[in-house]
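Those sequence lines, one after another, are chains A and B.
Offset between the first sequence (1-based) and this note's numbering: plus 925.
Offset between the second sequence (1-based) and this note's numbering: plus 925.
Every residue, glycine too, gets a C-beta built ideally from N, C-alpha and C.
For reference, the structure is listed below as structure tokens.
There are 2 protein chains.
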Amino acid sequence: MTVTIRDVARASGVHVSTVSRTFSAPHLVNAATRTRVLAVADDLGYRPNRAARALTTGRTHNVGLIVADIANPFFSSLIKAAQAQARLRDYHVFVADTDEDPQVEEELIQAFAKQVDGVLLCSPRLTNKTIERLGEDVPLVVVNRRVKGMPTVLMDVGRGARLAIEHLVGLGHRRIALVTGPSGSWTSKEMQAAAATGEADVVFLGPNPPTELGGMSAVTDVLASGATGVLAYNDLVALGLMEGLAERGTVVPRDMSVIGVDDIVPGRLGSPKLTTIAMPTAAAGRMAVDMLLHSVDAEGAPGVTTLETSLVVRESTGEARR
Amino acid sequence: MTVTIRDVARASGVHVSTVSRTFSAPHLVNAATRTRVLAVADDLGYRPNRAARALTTGRTHNVGLIVADIANPFFSSLIKAAQAQARLRDYHVFVADTDEDPQVEEELIQAFAKQVDGVLLCSPRLTNKTIERLGEDVPLVVVNRRVKGMPTVLMDVGRGARLAIEHLVGLGHRRIALVTGPSGSWTSKEMQAAAATGEADVVFLGPNPPTELGGMSAVTDVLASGATGVLAYNDLVALGLMEGLAERGTVVPRDMSVIGVDDIVPGRLGSPKLTTIAMPTAAAGRMAVDMLLHSVDAEGAPGVTTLETSLVVRESTGEARR
DNA sequence: TCGAGTCTAGCAACCGGTTGCATTGGAGTA
DNA sequence: TACTCCAATGCAACCGGTTGCTAGACTCGA
């Protein structure tokens, strides 16, 4: 049925160990023998059985990737990049979706633990303590969250927020609203911290769900705050805001400037087109995979990589009216 | 280090085979023994090693899912649903991205073949012959494409196209342009076939790349065709068209009605909001997983499931001007 | 009381590779 | 020539479960 290493051994007149070594330690086998074995293997259509290999080596050559929502463009572009990078390294990627449920997140990590070499956790919702405990069972890399003693990939949203606020200030805005995200969100805390360090007069409005509805429901507070510029937790919230503002007859950017975060709105969409902080999701995916594979076989202090964000100015921000 | 079945056996005073059966064939072990073994296993934190199990049973409890572009919302929502459905059945999903390259697609199927129980192919770009050949190595389910003798999930885009054209005709449009997709696309062929059966005067313009640029570059032809309504290959093409039309001063929907396919534009975006044919991507993902798992252990004629599409009327279509 | 039938559980081979150790043959050296 | 050393290969145990077969204990009916 399926071709095994023994079939190849028999057909090429060598012992199975020689065939095995031809693939996993070529330098230990004579060049002539090697080419012969390879020829026979190719001829028979032999493909090594990863399960068998995993059993003896303890390396599955698989990694797990857990995100809150696969369909969110922020995550899907990260997944795309991570998967491509893993493939480059001859790894395959299990992708799983928690649907924002920490319980599910923990179950998934447990389930993955025995069949992957490591797990990538993107914007996890679990407590730090839980993550640290799970990290004892399986190597983890955390994206978009700071967990003590664990390899981490961060996107410098703090800097992005500062850029955004400077941009608004530069346009003459005096009072700026920060529409925050869920209370447990690392990103949201970073944004608040960054906003608080600047000179600008920033009011915090939240917490809010990280969705369009969240944005729409924040409109009243934004208008009441006296702000003329808003930095939203993410693009979805920003879109919700713009929708809600339009309903109240507030024109963006004439009466109100709006900035989002993530840059997930496909190129030409939206009107006005959204000014936003672009997140390096693809770079984060690649980097996370590399850190994971590195941490799997090289000991050493876990690293923390911080990737730059940037402000993409489009049409939803403009000069403050006097 | 890691707890194995033998540790559990020793600690609970039974043979390994009894422990094994406690998990994989509980009815063969005495209730009292079973509870004791389970207690010990739980106590020790035992978790079965899937690689070892896979080695003897030949079932990995994994499936592969191959798409052209993970970041495309059409696929990512399908991935999300497929992954959730698989998890329900205690399966895990490898996700891979071909970047539209048939070569990569074939390599991925080969690579997956030995470590999954089956592979889901979404909108494959390979030839039917190649797919049939690969189907001998590993169970396949094909989505959005018809391949002889292979389990298939289709979305009835033909019906969707008919609905779209009827909608346009109902609005008084006499001449309708169909901006087709890539020449090899099954979807595109279905749309053309459906359009040709109706009464309407439909001109085919294409092939075009399935992107916004594809849409923009088709604008000239559309205007030259004398059509007042357009059905585009997908939403991206439709958006490109609208962009290009706007540049020429053609107002949608006043001067031209536009319909897309896929419904991937997030809720409130775009102006005017796009009328489109919604594809049942989530249902397709779930269905494909179920068909795959079914075909893995039940023989029988491979099924073909066709899922309904629907027309979502928004703002990009309107009455034809006299 | 005996034999048949039913449950349970143990035994051991097996899945398909990997790898430490032993063996062999030939080259190099004194 | 005798000895050392190394490269190449074979041998066999092992990874962690699964499963067909077998054996012992017990139940039950005749």
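- Contact with chain B is found for Ser1001 of chain A, since one of that chain's Cβ atoms lies less than 8 Å from the residue's Cβ.
- The alpha carbon of Ala1245 of chain B has as its nearest neighbour, out of B:Ala1007, B:Asp1222, B:Val1094, B:Ser1220, the alpha carbon of B:Val1094.
- Under the Cβ distance rule, Phe948 of chain B does not count among the residues neighbouring chain A, no pair being separated by less than 8 Å.
- Per DSSP, reduced to three states, the secondary structure at Asn987 of chain A is strand.
- In the structure shown, Thr1234 of chain B adopts coil according to DSSP, grouped into three states.
- The three-state secondary structure of Ala1203 of chain A, taken from DSSP, is strand.
- Shown here for Val1067 of chain A: same chain residues with a beta carbon closer than 6 Å to its own, the five before and five after excluded, namely Leu1046, Met1075, Thr1077 in chain order.
- Straight-line measurement puts the Cα of Met1216 of chain B at about 10 Å from the Cα of Asp1222 of chain B.
- Using a C-beta cut-off of 8 Å, the segment 1153 to 1161 of chain B makes contact with the segment 1104 to 1117 of chain B, since at least three inter-stretch Cβ pairs fall below that distance.
- In chain order, Gly989, Leu990, Ile991, Val992, Leu1033, Phe1037 place their CB closer than 8 Å to the CB of Ala1021 of chain A, counting only its own chain and leaving out the 5 sequence neighbours on each side.
- The C-beta of His940 of chain A has fewer than 16 other C-beta atoms within 10 Å across all chains shown, which makes the residue exposed.
- Within the segment 1005 to 1025 of chain A, those residues whose Cβ lies closer than 8 Å to any Cβ of chain B are, in chain order, Lys1005, Gln1008, Ala1009, Arg1012, His1017, Val1018, Phe1019, Val1020, Ala1021, Asp1022, Asp1024.
- Closest in C-alpha terms to Arg1239 of chain A, from the list A:Gly1228, A:Gly1210, A:Asp1188, comes A:Asp1188.
- Residue burial annotation: Pro998 of chain A is buried, with at least 16 other C-beta atoms found within 10 angstroms of its C-beta.
- With a threshold of 8 Å between beta carbons, Asn955 of chain A makes no contact with chain B.
- In this chain, the alpha helix (DSSP H) harbouring Val944 of chain A covers 941 to 949.
- For Arg972 of chain B, the neighbours in chain A by C-beta distance under 8 Å run, in chain order, Gln1035, Ala1038, Lys1039.
- Judged by pairs of C-beta atoms under 8 Å, the segment 1160 to 1180 of chain B touches the segment 1124 to 1144 of chain B, as three or more such pairs exist.
- Beta-bridge annotation (DSSP): Ile1184 of chain A is paired with A:Leu1156, A:Thr1200.
- Only those residues of the segment 973 to 988 of chain B whose C-beta falls short of 8 Å from the nearest C-beta of chain A are listed: Pro973, Asn974, Arg975, Ala976, Ala977, Ala979, Leu980, Thr985, Asn987.
- With respect to the 8 Å criterion, Met1167 of chain B and Val1176 of chain B are not classified as neighbours on the basis of their beta carbons.
- The beta-carbon distance between Arg975 of chain A and Gln1040 of chain B, rounded to whole angstroms, is 5 Å. This is short enough to meet the 8 Å contact definition.
- Contact with chain B is found for Ala996 of chain A, since one of that chain's Cβ atoms lies less than 8 Å from the residue's Cβ.
- Burial of Gly1185 of chain A is indicated by the presence of at least 16 other C-beta atoms within 10 angstroms of its C-beta.
- In this structure, DSSP gives His1098 of chain A a state outside helix and strand, which the three-state scheme calls coil.
- Comparing C-alpha distances from Pro1191 of chain B to each of A:Ala996, A:Arg1071, A:Gln1028 shows the shortest one belongs to A:Ala996.
- For Met1080 of chain B, the pairing in a beta bridge is given by DSSP as B:Leu1232.
- At a cut-off of 8 Å between C-beta atoms, Ser1196 of chain B counts as an interface residue with respect to chain A.
- If you keep only unbroken alpha helix (DSSP H) runs of at least 4 residues inside the segment 981 to 1033 of chain B, you get 998 to 1013.
- Judged by their CB atoms, Ser1241 of chain A and Ser1182 of chain A are nearer to each other than the 8 Å cut-off.
- Nearest Cα to Thr1136 of chain B within the set B:Asp994, B:Arg931, B:Arg961: B:Asp994.
- DSSP, reduced to helix, strand and coil, places Val1041 of chain A outside both helices and strands of the structure shown, so it counts as coil.
- Just so you know, the alpha carbons of Thr982 of chain A and Lys1005 of chain B end up roughly 32 Å apart.
- The Cβ atoms of Leu1199 of chain A and Tyr1016 of chain A do not sit closer than 8 Å to each other.
- In terms of Cβ geometry, Val1018 of chain A and Phe1000 of chain B do not form a close pair [threshold 8 Å].
- The three-state reading of DSSP puts Leu1051 of chain B in coil, since its state is none of H, G, I, E or B.
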